[in-house]
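In terms of UniProt numbering, the sequence shown opens at residue 1 and continues consecutively. Below is one structure, written out as structure tokens, with a few remarks after it.
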Amino acid sequence: MGASNSTSTLSSTFFLTGIPGYEEFHHWISIPFCLFYFVGITGNCIILHIVRTDPRLHEPMYYFLAMLSLSDMGMSLPTMISLLRVLWSISKEIPFNICVIQMFLIHTFSFTESSVLLAMALDRYVAICHPLQYATILTPKLIAKIGIAALLRSALPLIPLLTRLAFFPFCHSHVLSHSYCLHQDIIRLACADTKFNVIYGLVVITMLWGMDSLGILVSYVFILHSVLKIASREGRLKALNTCASHICAVLILYVPMIGLSIVHRFAKHSSPFTHIFMAHIYLMVPPVLNPIIYSVKTKQIRQGVLRLILPHKIFSSM
């Protein structure tokens, strides 16, 4: 599956990798992946539909939840077609320009999801620490600005990083390590000095994810400080319970992301299956679990889901 020396990077073709050593089982392996994609897409579409159609959910918390669902789908959908094409033995080839677009979407929405989680932490901070000013601080106009800023903040820093790839020669192997394109995977195939991309990429990750995680941590320090001032135990538990879904969403994104980073940095010579497994967990678990967690832990979302799947008479009698 080798490729000859390429005179034009833009016309280069790369080859995606399925799950090494399990090629004969790819068709069977595609079944759980299809199930994961179906659950993730359906769950997030249901969340978006409920928030859009129920006037009672036209509040800051649920607007941010809708943004989280959009980020989840934006992060997972770009990988779906290429992954299933590989597992179904349709084609492992991907043109360079499509590869760059896929990278841009995956990384953009990954950073956007982190920014949305920061916005949701600030939402919980205002709701718990400044409840009387909640509606006046988090206005629909401000929420829209936060959403646009989160998207631009995530997308713009990637442009110089991915633009430089068009000038790299890929004169050796064109075989990628995954069934989709990631920046850290493709630069290792370049026959050029990639120091700028490596350093710039680390700076972008540190600035975006680092600032977001720090902001989330600081928000919860203030939230805990405010909650501990509540006199009754029931009041403290009620306040903390409103944060439970968000805390789970933060862990679901950051734990696999940290795990994937550790594998790439310190376990370069480990089994390819380990790298592939961690990469798929990082991209597929948040879109699948976030709708489930919010449907279980958030009463209004749970009622909206029941309203969709149960006949009206049965739901009214509950």
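In this text, a Cβ means the ideal position worked out from N, Cα and C, and glycines have one as well.
Buried versus exposed call for residue i [16 or more other C-beta atoms within 10 Å across all chains shown]
i: M1; result: With a pLDDT of 42 at M1, under the threshold of 50, the modelled position of this residue cannot be trusted; read the value that follows with caution. Exposed: under 16 other Cβ atoms inside 10 Å.
i: T112; result: buried
i: R52; result: exposed
i: I106; result: buried
i: L132; result: exposed
i: N290; result: buried
i: S241; result: Residue identity differs from the one stated: residue 241 is Asn in this sequence, not Ser. So N241 ends up on the exposed side.
i: S154; result: buried
i: L310; result: exposed
i: L135; result: Before going further, note that residue 135 is Ala rather than Leu in the sequence given. Exposed: under 16 other Cβ atoms inside 10 Å.
i: H275; result: buried
i: S213; result: buried
i: Y294; result: buried
i: D72; result: buried
i: R124; result: buried
i: W28; result: exposed
i: Y37; result: buried
i: M207; result: exposed
i: V305; result: buried
i: A144; result: exposed
i: I31; result: exposed
i: I292; result: exposed
i: I216; result: buried
i: G210; result: exposed
Own chain, CB closer than 7 Å to residue i, minus 5 neighbours either side, in chain order
i: A119; result: F64, I146 and A150
i: L253; result: E113, S114, L117 and P286
i: F104; result: L158 and L162
i: T298; result: S245
i: F15; result: M1, K92, E93, H174, V175 and L176
Residue i: first and last residue of the uninterrupted beta strand (DSSP E) it sits in
i: I94; result: E93 to P95
i: F14; result: T13 to F15
Same chain, Cβ closer than 6 Å to residue i, neighbours up to 5 away in sequence not counted
i: M67; result: V116 and G147
i: G74; result: F109
i: S226; result: I128 and C129
i: I247; result: none
i: S69; result: N44, I47 and L48
i: E23; result: none
i: M278; result: G259, L260 and V263
Span of the alpha helix (DSSP H) around residue i
i: P169; result: No alpha helix (DSSP H) contains P169, which DSSP labels as neither H nor E.
i: G215; result: K195 to V227
i: D54; result: Unbroken run through D54: none, as it is neither H nor E.
i: P131; result: Careful: P131 lies outside any alpha helix (DSSP H) and carries neither H nor E.
i: H174; result: H174 -> no alpha helix (DSSP H), and no H or E assigned at all.
i: T298; result: Careful: T298 lies outside any alpha helix (DSSP H) and carries neither H nor E.
i: L161; result: L158 to T163
i: I186; result: H183 to I186
Three-state secondary structure assigned by DSSP to residue i
i: T139; result: coil
i: L83; result: helix
i: P286; result: helix
i: C191; result: coil
i: G18; result: coil
i: S76; result: helix
i: L122; result: helix
i: W88; result: coil
i: I230; result: coil
i: L310; result: coil
Chain-order list of residues whose beta-carbon lies under 8 Å from that of residue i (same chain, five-residue window excluded)
i: T13; result: A3, E93, I94, P95, F96 and H174
i: F196; result: R164
i: H26; result: G18, I19, V86, L87, W88 and S89
i: L122; result: G215 and S219
Heavy atom of the ligand MG within 6 Å of residue i beta-carbon
i: L156; result: Looking for the ligand MG in the displayed structure turns up nothing, as the structure carries no ligands at all.
On the three-pair Cβ rule with 8 Å, is the stretch 133-145 touching the stretch 198-209?
-> Contact between the stretch 133-145 and the stretch 198-209 is absent, with fewer than three C-beta pairs closer than 8 Å.
Specify whether the stretch 175-188 and the stretch 70-84 touch according to this definition: at least 3 beta carbon pairs, one from each stretch, less than 8 Å apart.
-> yes
Can you find at least 3 beta carbon pairs, one from the stretch 247-264 and one from the stretch 273-283, that sit closer than 8 Å?
-> Yes, the stretch 247-264 is in contact with the stretch 273-283.
Decide yes or no for the touch test of the stretch 214-222 against the stretch 182-193: beta carbon pairs closer than 8 Å, at least 3 of them.
-> no
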